[in-house]
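Everything in the sequence shown is counted per the numbering used here, starting at 14 for the first residue and increasing by one. Just so you know, even glycine gets a beta-carbon here, dropped at the ideal spot from N, CA and C. No experiment lies behind these values; they were computed from the predicted model shown. Beneath this line is the structure, given in structure tokens, with notes to follow.
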Amino acid sequence: MKKKYMNIREMLRRFSDFVELYQVKLDAIPVVKELIALFLSLKLNFERAWAIREKNYKGTTLSKKNKKDKVAEQLGRVNQLIYNYCIKVNNLDDLPNFKGSKITYAQYGDERLNSRLALTIDYCEALGEQLADTGVTDEMLTELKSLTEAYNTLIPKPRELQSISKIANNDLGNISLEIINILRYRLDRVMKSMFELDDPELYKAYVEARDIEKVGYKKIAITGHILDKQTKQPVAQAHIFIPEANIDHTCKGEKGGFRIPSMEPGTFNMRVEAVTYKSISMQLVHRYGETNVLEIEMETEEN
Numbered sequence: 014m015k016k017k018y019m020n021i022r023e024m025l026r027r028f029s030d031f032v033e034l035y036q037v038k039l040d041a042i043p044v045v046k047e048l049i050a051l052f053l054s055l056k057l058n059f060e061r062a063w064a065i066r067e068k069n070y071k072g073t074t075l076s077k078k079n080k081k082d083k084v085a086e087q088l089g090r091v092n093q094l095i096y097n098y099c100i101k102v103n104n105l106d107d108l109p110n111f112k113g114s115k116i117t118y119a120q121y122g123d124e125r126l127n128s129r130l131a132l133t134i135d136y137c138e139a140l141g142e143q144l145a146d147t148g149v150t151d152e153m154l155t156e157l158k159s160l161t162e163a164y165n166t167l168i169p170k171p172r173e174l175q176s177i178s179k180i181a182n183n184d185l186g187n188i189s190l191e192i193i194n195i196l197r198y199r200l201d202r203v204m205k206s207m208f209e210l211d212d213p214e215l216y217k218a219y220v221e222a223r224d225i226e227k228v229g230y231k232k233i234a235i236t237g238h239i240l241d242k243q244t245k246q247p248v249a250q251a252h253i254f255i256p257e258a259n260i261d262h263t264c265k266g267e268k269g270g271f272r273i274p275s276m277e278p279g280t281f282n283m284r285v286e287a288v289t290y291k292s293i294s295m296q297l298v299h300r301y302g303e304t305n306v307l308e309i310e311m312e313t314e315e316n
């Protein structure tokens, strides 16, 4: 589920960078400005729906389970005393209402458990002063009421939150479809007619920005070769360090080649080192779904 629509989200990020870079030229043409404004408004809606869908609701569900276990345990304790009392006073008709344990009650659904809680509390209150004869104290009854109230406050939440998440997921689908339709049937045509011949650089940047790749299509994050600048021969055992990404890669390819399979998107400081060679530092910009191809040439320390 988390990977769904990730390709759209990455495209939207690239598209925002493209708009920022060519803002002046794009705003100069009213029809282009209008379409991009519409497109970016859809991006905002997409990000809102994404944030809702990705929100972690496990904490609420876990809290509910903990409270359910506690109320089930207290109900089992109280009902055991009432069960024994019914046998003592030969009130056999009520016995089935109080037969159960913590394990049994914890497996009940919300509605059934609530019904059993209400039955026990009403029975205890109806006994009045005779409640003491059952062995159930006022403190035990008060505790049962308190746990029941706390449990009831959480009953609807997991379902409501799951419903919100499903709605957000549907919204993502609808917004994604609208985004794709605007690209294919409006923006692509306008951008091609306005810029393909008059400003090929801008048009190429647009085509690259609006490309929607399949998630996981490109699995290699960085690839390339590390060679001696003068001899063009492979540099043995060169090391690639990218501290922010916790990467310390040793190049073992016979031809100086290397492949780093996966990496989070972002801007990183990269350093290349090898024995008897001068180290090289550079900035690497890695985008999701893209492969950085690096052809690195190193100078010996003697030069």
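Output the boundary residues of the beta strand (DSSP E) element that contains residue i.
i      : result
Val285 : Gly279 to Glu286
Phe31  : Taken as a continuous stretch (DSSP letters only), Phe31 belongs to no beta strand (DSSP E), being part of the alpha helix (DSSP H) at Met19 to Leu34.
Leu307 : Asn305 to Met311
Phe254 : His252 to Ile255
Asp107 : Element bounds for Asp107: n/a, residue is neither H nor E.
Arg300 : Unbroken run through Arg300: none, as it is neither H nor E.
Can you give me the Cβ contacts of residue i inside the same chain, cut-off strictly under 6 Å, excluding the 5 residues immediately before and after it?
i      : result
Tyr216 : Phe208 and Glu209
Lys115 : Ala85, Glu86 and Gly89
Met14  : For Met14, the predicted structure reports a pLDDT of 43, less than 50, and the residue's modelled location is therefore unreliable. A value from the coordinates is still provided. Within the same chain, Met14 has no close Cβ partners at all.
Tyr11  : Only positions 14 to 316 of the chain appear in this structure, which leaves residue 11 out of reach.
Could you compute how far the alpha carbon of residue i sits from the alpha carbon of residue j?
i      : j      : result
Glu40  : Asn79  : Just to set this straight, residue 40 is Asp in the shown sequence, not Glu. Distance between the alpha carbons of Asp40 and Asn79: 56 Å.
Ile35  : Asp201 : It is worth fixing the name first, because residue 35 is Tyr in this sequence and not Ile. So the two alpha carbons sit approximately 16 Å from each other.
Asp261 : His252 : 7 Å
Tyr164 : Ile180 : 26 Å
Met24  : Met204 : 17 Å
Asp107 : Gly113 : 13 Å
Val37  : Val220 : 18 Å
Leu144 : Glu138 : 8 Å
Thr313 : Gln250 : 14 Å
Asn182 : Lys245 : 52 Å
Lys291 : Ala64  : 46 Å
Glu33  : Leu57  : 15 Å
Arg197 : Asn259 : 40 Å
Gln120 : Ile255 : 51 Å
Lys9   : Ser294 : Not covered by the structure: residue 9. The range shown for the chain is 14 to 316.
Thr263 : Leu240 : 14 Å
Lys335 : Lys268 : Here the chain covers residues 14 to 316 and nothing more, so residue 335 does not appear.
Give the C-beta separation of residue i and residue j to the nearest angstrom, bearing in mind that I take them to be a contact with Cβ-Cβ under 8 Å.
i      : j      : result
Ile95  : Thr147 : 5 Å
Ile309 : Met276 : 17 Å between Cβ atoms; not a contact.
Ala62  : Ile188 : 6 Å
Gly270 : His238 : 5 Å
Thr133 : Val91  : 6 Å
Met311 : Val288 : That belief does not hold up - the Cβ atoms of Met311 and Val288 are roughly 11 Å apart, past 8 Å.
Pro274 : Ile233 : 6 Å
Arg272 : Leu185 : With 8 Å as the limit, Arg272 and Leu185 do not qualify as a contact, their Cβ atoms being about 33 Å apart.
Thr155 : Leu130 : Not really, about 14 Å apart at Cβ, beyond 8 Å.
Under 8 Å Cβ to Cβ from residue i, same chain only, skipping five residues before and after it: list those, please.
i      : result
Gln296 : Thr280, Phe281, Asn282 and Met283
Leu48  : Ile195, Arg199, Leu200 and Val203
Leu105 : Cys99
Ala218 : Phe31, Leu34 and Tyr35
Quick check on the DSSP output: the alpha helix (DSSP H) that includes residue i runs from which residue to which?
i      : result
Ser159 : Asp151 to Leu167
Ser292 : First-last for Ser292: undefined, no H or E at that position.
Leu240 : From DSSP, Leu240 is part of no alpha helix (DSSP H) but of the beta strand (DSSP E) over Ile235 to Asp241.
Ile116 : Lys115 to Ala119
Can you list, in chain order, the residues of its chain with a C-beta nearer than 7 Å to that of residue i? Leave out the 5 residues immediately preceding and following it.
i      : result
Val306 : Thr236 and Gly237
Val44  : Val203
When you measure from the CB of residue i to every non-hydrogen atom of the ligand GTP, does any distance come out below 7 Å?
i     : result
Leu51 : For the structure depicted, the ligand GTP is absent and the ligand set is empty, with no information on it obtainable.
Between the stretch 53-61 and the stretch 21-28, do three or more beta carbon pairs fall short of 8 Å? yes
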